[in-house]
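Chains as they are written, first to last, in my numbering: chain A, 2 to 434; chain B, 377 to 749.
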């Protein structure tokens, strides 16, 4: 191996892992700690329950992904769901979650936690139907928030009002079913933290434009986790503030994620969680995978910068929007969610091709690998068109098929052969051969 | 008379092009029945649904992921193959991901002058949904006016609502006749009528339906047979119903988007015409994606229909890989069983294999006979 750059372990790595474990443990111990357990879909308005006294959010996506790393547990879950008549091609996170729920087995031990209520947002086709079954299974109350999806970012007065009034209704509904007085100050603080976390995360990802890249995708999968599950918490904001400082240091000191960086790749979709070593395999070619729209924008807040580049979004407070009352926070949150760049691509895929081409330019990408994920049709929306758009623009692309959390649909050797061929087509050779 | 519906369906492109030539007006396409046709019609444009060709093809694979349903790949293929060159626009009412993909690929690769995507709330029972959808209707109306250079007047909206409501009323009247035992009209004939309606000027379709109604009323009943209901996703291939009925069954009801879901409810007039149209699309029998709350309205609707039409068994039909229906079908199957209505699941592809369909349906009908014994 011929190192071109210095490298060193990330100091914040351990902290990231601790935050992840804390999330799952909080769910497991919610009841014994007297907390309200709220079932939410991934990316839902997890700031809303923050105004309650003590709560934990049970999110399906992180759980489904984690189960996917345990092949036996995941297979048992899948078989349980399939035996109940559900199709094998349904969202794999749904199947892993349902399988655990139906079998009453929590992956981290004990019985599957019983949520007190559910807050659900309509986004992808699957999530709405997924949580519908959960609500029926637990016979629990639920509140539905209709999220307007557009191919362009639409943030008109009516759109903000539609979302904000639904969230306001949700707060009143939570007060009613829990008998608690909702704490507006805690909610406003949670909204403030949401803005901070998601803009900090975008700022951190922007630093990966540097050569050498300070972060790699396999590491990013752990680092982005708190943006998904706890972005409204103080600990999370502090974590990203410290991480930002560390990554800035890495850039200024030319500390690489991969010391042999010779080739920069971009990723698409959700990876096969049980086979993350594919990223380490690519490193043998000196190839570093910088990220994906999924990890950067699922809960990263982005906007056009004055120099026309893509960077972190200005928070509502930085824009001068007030954040003093419940209504202020509701409207700021509604705007913030409506502006998130991942949603247009989940509506009509066209804009995602443009996003990708921009990333390819700004992050100086040499090639793209796409996971045709049988486990998530939502993030597969537009994948084939994006491939065509990239090829038309002269960007090398390879595609491999699999399933993010069902190894029954993954052929390891075939995928590695494909990646070998792709790297060779880019003129790369294994550095250790 | 009834054969004419199938003729129009078979010659859909000719019909639309002839209509365009004789009226000098434009034709827009749509794929999912959540596109608000009344607005398009009021703009002087003929809305036609792009339905399946049911022919194998190899042009859409590079645009749509293989795990997406055969219907979305089939409709896109027809656009890519140039079969819809006469379309002046495409309109999409927010529905499933697969159709969104087909729509997006269509407007990207098929030359078209006008396209519009319209958000339709998913939580259709939400108290704020009507107000918001009315706002969306207003935006669509303004966009149509700008794109076409026309003014959509209140009079034109009233006319569109009247023509479409008449259409729905006539189809309901024909469906009502299927409550008779045995019914005077077959399921495949009824579906031909609905499918033709999705391809025709409703004013012309209404005239044909009025004649068909007279003809059906004067007909002798069909042979007695097991009374079946078709429930499920996009299934515009009337050959499925025809095959089933050849085995001696009578399909007496359906919950399909190329069937009753398309026309079951009317626009209830109110002063704000757009609000009235919005309410109609929210209140219509839902597809699985618009039925996501804890109270499953689809089940109520299906059961009522099954009871009203004295259904003895249901065929659950679904396009392969159609996630929304994959989520609902196990629930519907269990629900029907609890109400003593046996059901049988049939998965559809671009084409359906006649032999296996016949064998499986025969087995289901035999099972129903045994249950009767």
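Quick reminder that beta carbons are idealized off the backbone N, C-alpha and C, glycines included. Fair warning: this is a prediction, and the values are worked out from it, not measured in the lab.
I need the straight-line Cα distance from residue i to residue j, nearest angstrom please.
{"i": "residue 304 of chain A", "j": "residue 337 of chain A", "result": "11 Å"}
{"i": "residue 319 of chain A", "j": "residue 329 of chain A", "result": "14 Å"}
{"i": "residue 615 of chain B", "j": "residue 629 of chain B", "result": "16 Å"}
{"i": "residue 567 of chain B", "j": "residue 641 of chain B", "result": "17 Å"}
{"i": "residue 287 of chain A", "j": "residue 242 of chain A", "result": "30 Å"}
{"i": "residue 406 of chain A", "j": "residue 108 of chain A", "result": "14 Å"}
{"i": "residue 406 of chain B", "j": "residue 197 of chain A", "result": "42 Å"}
{"i": "residue 42 of chain A", "j": "residue 134 of chain A", "result": "13 Å"}
{"i": "residue 222 of chain A", "j": "residue 314 of chain A", "result": "21 Å"}
{"i": "residue 467 of chain B", "j": "residue 654 of chain B", "result": "16 Å"}
{"i": "residue 3 of chain A", "j": "residue 390 of chain A", "result": "34 Å"}
{"i": "residue 459 of chain B", "j": "residue 387 of chain B", "result": "12 Å"}
{"i": "residue 447 of chain B", "j": "residue 613 of chain B", "result": "11 Å"}
{"i": "residue 79 of chain A", "j": "residue 411 of chain A", "result": "15 Å"}
{"i": "residue 325 of chain A", "j": "residue 341 of chain A", "result": "23 Å"}
{"i": "residue 582 of chain B", "j": "residue 539 of chain B", "result": "8 Å"}
{"i": "residue 203 of chain A", "j": "residue 298 of chain A", "result": "8 Å"}
{"i": "residue 572 of chain B", "j": "residue 649 of chain B", "result": "26 Å"}
{"i": "residue 591 of chain B", "j": "residue 626 of chain B", "result": "19 Å"}
{"i": "residue 429 of chain A", "j": "residue 396 of chain A", "result": "16 Å"}
{"i": "residue 366 of chain A", "j": "residue 265 of chain A", "result": "5 Å"}
{"i": "residue 255 of chain A", "j": "residue 261 of chain A", "result": "12 Å"}
{"i": "residue 361 of chain A", "j": "residue 415 of chain B", "result": "41 Å"}
{"i": "residue 344 of chain A", "j": "residue 595 of chain B", "result": "54 Å"}
Please list the partners that residue i has in chain A, where partner means a Cβ-to-Cβ separation under 7 Å.
{"i": "residue 719 of chain B", "result": "Simply none; closest approach about 11 Å."}
{"i": "residue 441 of chain B", "result": "373, 381, 384, 385"}
{"i": "residue 438 of chain B", "result": "385, 389"}
{"i": "residue 470 of chain B", "result": "150"}
{"i": "residue 477 of chain B", "result": "350, 382, 383"}
Which bits of chain B does residue i rub up against, with CB to CB less than 7 Å?
{"i": "residue 351 of chain A", "result": "480, 484"}
{"i": "residue 149 of chain A", "result": "495"}
{"i": "residue 85 of chain A", "result": "706"}
{"i": "residue 127 of chain A", "result": "699"}
{"i": "residue 136 of chain A", "result": "670"}
{"i": "residue 163 of chain A", "result": "504, 508"}
Please compile the residues from chain A whose C-beta is within a distance smaller than 9 Å of the C-beta of residue i.
{"i": "residue 663 of chain B", "result": "Those within 9 Å of residue 663 of chain B in chain A number zero; the least Cβ separation is about 11 Å."}
{"i": "residue 393 of chain B", "result": "Correct list: empty, because the minimum Cβ distance to chain A is about 28 Å."}
Going by the DSSP bridge assignment, what does residue i pair with across the sheet?
{"i": "residue 637 of chain B", "result": "Note: residue 637 of chain B sits in no beta bridge, so no partner."}
{"i": "residue 312 of chain A", "result": "A/304"}
{"i": "residue 119 of chain A", "result": "A/40, A/143"}
{"i": "residue 721 of chain B", "result": "B/692"}
{"i": "residue 604 of chain B", "result": "B/627, B/689"}
{"i": "residue 405 of chain B", "result": "B/424, B/466"}
{"i": "residue 7 of chain A", "result": "A/256"}
{"i": "residue 288 of chain A", "result": "A/264"}
So with CB distances below 8 Å, who are the chain A contacts of residue i?
{"i": "residue 669 of chain B", "result": "133, 143, 145"}
{"i": "residue 655 of chain B", "result": "The premise fails here: residue 655 of chain B is roughly 16 Å from chain A at the closest Cβ pair, so nothing lies under 8 Å."}
{"i": "residue 518 of chain B", "result": "Simply none; closest approach about 13 Å."}
{"i": "residue 709 of chain B", "result": "86"}
Just the chain B side, please: which residues come within less than 8 Å of residue i by C-beta, in chain order?
{"i": "residue 159 of chain A", "result": "508, 511"}
{"i": "residue 166 of chain A", "result": "504"}
{"i": "residue 90 of chain A", "result": "443, 697, 699, 702"}
For a contact meaning CB atoms closer than 9 Å, what does residue i contact in chain B?
{"i": "residue 123 of chain A", "result": "497, 498, 499, 665, 668"}
{"i": "residue 378 of chain A", "result": "441, 443, 444, 473, 474, 697, 699"}
Contiguous beta strand (DSSP E) assignments of at least 3 residues, all confined to the segment 228 to 284 of chain A: If we require 3 residues or more, the beta strand (DSSP E) runs fully inside the segment 228 to 284 of chain A come out as 264 to 269.
Start-end ranges of the alpha helix (DSSP H) lying completely within the segment 560 to 586 of chain B, minimum 4 residues: Every unbroken stretch of the alpha helix (DSSP H) spanning 4 or more residues and falling wholly within the segment 560 to 586 of chain B is given here in chain order: 563 to 575.
Beta strand (DSSP E) runs contained entirely in the segment 420 to 468 of chain B, provided each spans 3 or more residues: Listed in chain order, they are 422 to 425.
Length-filtered (4 minimum) alpha helix (DSSP H) runs lying within the segment 45 to 106 of chain A: Counting only runs of 4+ residues, the alpha helix (DSSP H) found wholly inside the segment 45 to 106 of chain A occupies 61 to 69, 72 to 84, 93 to 104, in chain order.
Any 3 or more C-beta pairs closer than 8 Å across the segment 269 to 285 of chain A and the segment 359 to 376 of chain A: With contact defined as three or more Cβ pairs closer than 8 Å, the segment 269 to 285 of chain A and the segment 359 to 376 of chain A are in contact.
The segment 349 to 358 of chain A / the segment 386 to 397 of chain A touching (three or more Cβ pairs under 8 Å): Yes, they touch.
Given 8 Å, three or more beta-carbon pairs between the segment 139 to 148 of chain A and the segment 116 to 123 of chain A: Short answer: they touch.
Complete alpha helix (DSSP H) runs within the segment 458 to 530 of chain B (minimum length 4 residues, chain order): Qualifying alpha helix (DSSP H) stretches, in chain order: 473 to 485, 505 to 524.
Every unbroken beta strand (DSSP E) inside the segment 346 to 405 of chain A [3 residues or more]: Unbroken beta strand (DSSP E) runs of no fewer than 3 residues, entirely contained in the segment 346 to 405 of chain A, are found at 368 to 374, 398 to 403, following chain order.
Contact the segment 519 to 528 of chain B vs the segment 425 to 433 of chain B: 3+ CB pairs below 8 Å: Segments in contact, no.
Cβ pair count under 8 Å reaching 3, the segment 111 to 119 of chain A against the segment 27 to 38 of chain A: Three or more beta-carbon pairs drawn from the segment 111 to 119 of chain A and the segment 27 to 38 of chain A are found closer than 8 Å, and the two stretches are therefore classed as touching.
Inter-stretch contact (C-beta, 8 Å, three-pair minimum) for the segment 635 to 652 of chain B and the segment 541 to 557 of chain B: With a cut-off of 8 Å, the segment 541 to 557 of chain B and the segment 635 to 652 of chain B count as touching, because enough Cβ pairs lie within range.
The segment 491 to 499 of chain B touching the segment 663 to 674 of chain B, judged by at least three CB pairs closer than 8 Å: Cβ pair count under 8 Å is three or more, so yes.
Stretch pair the segment 472 to 488 of chain B + the segment 438 to 452 of chain B: three plus CB contacts closer than 8 Å: Yes: the two stretches touch, three or more of their Cβ pairs being nearer than 8 Å.
Stretch-stretch touch, CB-based, cutoff 8 Å, three pairs: the segment 670 to 680 of chain B with the segment 694 to 711 of chain B: With a cut-off of 8 Å, the segment 694 to 711 of chain B and the segment 670 to 680 of chain B count as touching, because enough Cβ pairs lie within range.
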